[in-house]
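Residue numbers (the numbering used here): 3 to 349.
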């Protein structure tokens, strides 16, 4: 390790204190927190001087000009690593980082249990009409209990689009509720999907045979608007749709139409094209929609894990060791060479 301390820059979004505690205990790094309302020249200078850029995963927390793009990377010749706060990397152009020899890492799995629990919570809420009942009880009179009749999840079919860390946990909880679990994941074999607690099937078959469809796939060019008008039309009448993954995976207009016409029974939405959505967003005007503010993964436990994992992984990487959650592992050797060159230059 160089005698010059490596610089880590992050913005003034909420972090669990454990991250700073771990990094500040290390003699090899210095952590700088920059206010987002600082003049652009001040922010840019801080980034130019850093070797690690800790970025928010949520698009609404990071000003567009400080997202990790090819244009920004050209201005940061000393940058070695971009570390995201969560599992997502919507604010990072991974391909541009790879081309620049910048390693990208995330904290995949840190909030998996939290998101899985929230997913099942939305499933229960939608099926049993819990939030709708709460709203009507506070607002109306003259309706019957039967007007709010819901359905059990036991004996129903759950279709998971993506069965990674979060999807696997959802599958296990769903099985405990007595649900049959189907999954579509092009990255896994039928045997691997079976080991994760689901029966493998094609996307169209999943849509046609699931009482609940839940998204657990990344936001990529190939998955944008994966759930469009034709996909919603293929779902069972009265089915429930859940998205706790990423905004942009479903067409919000198409979802509204499918719910408003009565084809779909309900939807639980944690993620939006624009976050937070406008107060007059059409989906928020429907009684059969349960909306969250991208909080499925926001728990005390998850945030503590995310902070600790981020700090520990950064220190591991700066020792020249591979990190456990590298998004572009093909960039690691170039990263290590650049790290060694940076160390020699500073001595």
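Glycine included, every Cβ here is placed at the ideal spot set by N, Cα and C.
Looking at the strands, I want to know which residues DSSP matches up with residue i.
{"i": "residue 9", "result": "32"}
{"i": "residue 216", "result": "162, 244"}
{"i": "residue 105", "result": "83"}
{"i": "residue 17", "result": "The partner list for residue 17 (beta bridge, DSSP) is empty, contrary to what the question assumes."}
{"i": "residue 229", "result": "252"}
{"i": "residue 328", "result": "107"}
{"i": "residue 185", "result": "162, 202"}
{"i": "residue 94", "result": "70"}
{"i": "residue 57", "result": "86"}
Going straight from the alpha carbon of residue i to that of residue j, what length do you get?
{"i": "residue 299", "j": "residue 114", "result": "7 Å"}
{"i": "residue 61", "j": "residue 144", "result": "43 Å"}
{"i": "residue 20", "j": "residue 312", "result": "10 Å"}
{"i": "residue 322", "j": "residue 341", "result": "7 Å"}
{"i": "residue 36", "j": "residue 69", "result": "14 Å"}
{"i": "residue 28", "j": "residue 261", "result": "53 Å"}
{"i": "residue 140", "j": "residue 168", "result": "34 Å"}
{"i": "residue 334", "j": "residue 112", "result": "22 Å"}
{"i": "residue 90", "j": "residue 110", "result": "8 Å"}
{"i": "residue 72", "j": "residue 263", "result": "44 Å"}
{"i": "residue 326", "j": "residue 51", "result": "26 Å"}
{"i": "residue 32", "j": "residue 67", "result": "24 Å"}
{"i": "residue 64", "j": "residue 130", "result": "36 Å"}
{"i": "residue 210", "j": "residue 243", "result": "13 Å"}
Tell me which residues share the same chain as residue i and place their Cβ nearer than 7 Å to its Cβ, disregarding the 5 neighbours each side in the sequence.
{"i": "residue 245", "result": "217, 251, 252, 271, 272, 273"}
{"i": "residue 359", "result": "An answer regarding residue 359 cannot be provided, because it is not within the stretch 3 to 349 covered by the chain."}
{"i": "residue 192", "result": "202"}
{"i": "residue 180", "result": "156, 157"}
{"i": "residue 48", "result": "11, 34, 36"}
Apart from the five residues just before and just after residue i, which ones in its own chain have a Cβ nearer than 6 Å to its Cβ?
{"i": "residue 127", "result": "133, 292"}
{"i": "residue 3", "result": "The predicted position of residue 3 is uncertain, since its pLDDT is 42 and thus under 50; no value can be drawn from it."}
{"i": "residue 278", "result": "295"}
{"i": "residue 289", "result": "134"}
{"i": "residue 176", "result": "160, 183"}
Using a beta-carbon distance below 8 Å, is residue i in contact with chain B?
{"i": "residue 334", "result": "The chain inventory of the structure shown lacks chain B, comprising one protein chain alone."}
Beta-carbon within less than 8 Å of residue i's beta-carbon, same chain only, minus the 5 sequence neighbours each way: which residues are those?
{"i": "residue 92", "result": "59, 60, 61, 221, 248"}
{"i": "residue 310", "result": "18, 20, 21, 24"}
{"i": "residue 212", "result": "159, 160, 161, 184, 237, 238, 241"}
{"i": "residue 198", "result": "165, 169, 170, 173, 185, 190"}
{"i": "residue 285", "result": "254, 257, 258, 261, 269, 271, 279, 291, 293"}
{"i": "residue 275", "result": "249, 250, 254"}
{"i": "residue 328", "result": "105, 106, 107, 334"}
Given 8 Å, three or more beta-carbon pairs between the stretch 149-158 and the stretch 318-331: Short answer: they don't touch.
Contiguous alpha helix (DSSP H) assignments of at least 4 residues, all confined to the stretch 249-299: Fully enclosed alpha helix (DSSP H) runs of 4 or longer: 254-262.
Cβ pair count under 8 Å reaching 3, the stretch 170-186 against the stretch 199-219: Enough Cβ pairs lie closer than 8 Å, so yes.
Segment contact, 8 Å Cβ cut-off, at least three pairs: the stretch 252-261 with the stretch 226-236: Result yes; three or more Cβ-Cβ pairs closer than 8 Å.
Every unbroken beta strand (DSSP E) within the stretch 123-168, with a cutoff of 3 residues, ordered by chain: Taken in chain order, the complete beta strand (DSSP E) segments of 3 or more residues contained in the stretch 123-168 are 159-163.
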